[in-house]
Ligand code: MN
């Protein structure tokens, strides 16, 4: 049997599960909020064109209103000033969008510290247990933050000192960008950087280094808890928006059961 026939059979019989890592898209989907004077993205919205009525008697359809960085989405390199001449989202080679995943679970530490930052040593400790990070694969950071995804306030977790959400340290972001063999980093939060990363040096280090190195970000993932530390295959499918800095994406994982 061919590899693909075997895969389809495995999916049909349940020995390979297809896990949806995508947040549902609606006007309730949490979105990033920047402090003034910066401009914000819009919430997702549907604008009805017709619904089996005089505007279109046999059909229902909508226009959609969305930012590129709304809900579960992919950050393309050109999103950041460190990759001004880098790829836009339409230019990403499809083969890079089907890739193995390393899943690191730090949810127990995030539970007691919402400002938790992933360090190189955490990844090294993971590697000593599970082997090296996969070449061309994703590092997916499981924080438990997806449990808050129905609640904009809880998801952003902001107070007078700004948002408090987990992320990646400056040193670890630089290492993932420049030394680790990964194609990108995936997170459960609204962006790949910590809530407090506006005050880091450089600001927003994951965006700055990882996108600057021509790698990618995946945000607002769900259900990472159901993935094994190694062995899952991620299919990330952003829209090929010409010139786009990113796109909402359907992100699926294939997991052997
Ligand atoms: Mn983004």
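In the numbering used here, the protein residues as written are 599 to 855.
In this text, a Cβ means the ideal position worked out from N, Cα and C, and glycines have one as well.
DSSP three-state assignment for residue i, whether helix, strand or coil
i, result
"residue 740", "strand"
"residue 662", "strand"
"residue 829", "coil"
"residue 688", "helix"
"residue 803", "helix"
"residue 762", "coil"
"residue 797", "helix"
"residue 653", "coil"
"residue 644", "strand"
"residue 681", "helix"
"residue 621", "coil"
"residue 693", "helix"
"residue 731", "coil"
Residues near residue i by beta carbon distance below 7 Å, same chain, minus five either side
i, result
"residue 709", "742"
"residue 789", "630, 817"
"residue 659", "647, 648"
Near the ligand GTP: residue i beta-carbon under 7 Å from a heavy atom
i, result
"residue 763", "The ligand GTP is absent from the structure shown, which contains only the ligand MN."
Counted within 10 angstroms of its Cβ, other Cβ atoms place residue i as buried (16 or more) or exposed
i, result
"residue 814", "buried"
"residue 677", "buried"
"residue 807", "buried"
"residue 721", "buried"
"residue 693", "exposed"
"residue 785", "buried"
"residue 841", "exposed"
Residue i: first and last residue of the uninterrupted beta strand (DSSP E) it sits in
i, result
"residue 851", "844-854"
"residue 700", "696-703"
"residue 671", "671-673"
Other residues of its chain near residue i: CB distance less than 6 Å, five sequence neighbours each side excluded
i, result
"residue 804", "766, 771, 790, 791"
"residue 835", "847, 848"
"residue 733", "779"
"residue 728", "827, 828"
"residue 643", "625, 663"
Limits of the alpha helix (DSSP H) - the one that residue i falls within
i, result
"residue 612", "Counting along the chain, residue 612 falls outside any alpha helix (DSSP H), and DSSP gives it neither H nor E."
"residue 815", "It is not in any alpha helix (DSSP H) - residue 815 instead sits in the beta strand (DSSP E) that spans 814-817."
"residue 783", "Premise fails: residue 783 lies in the beta strand (DSSP E), 782-784, not in any alpha helix (DSSP H)."
"residue 772", "768-776"
"residue 723", "718-728"
"residue 745", "First-last for residue 745: undefined, no H or E at that position."
"residue 750", "750-754"
Cβ shell of residue i (< 8 Å), same chain only, five flanking positions each side left out
i, result
"residue 712", "755, 762, 763, 764, 793"
"residue 668", "623, 627, 629, 639, 640, 641, 642, 846"
"residue 671", "816, 817, 818, 836, 844, 845, 846, 847"
Below-8 Å beta-carbon distance, residue i vs any chain B residue
i, result
"residue 737", "Protein chains in the displayed structure number just one, and chain B is not present."
Next on the checklist: Considering only heavy atoms of the ligand MN and the C-beta of each residue, which residues fall inside 7 Å, strictly closer?
Outcome noted: 667, 671, 673, 677, 789, 815, 817, 844
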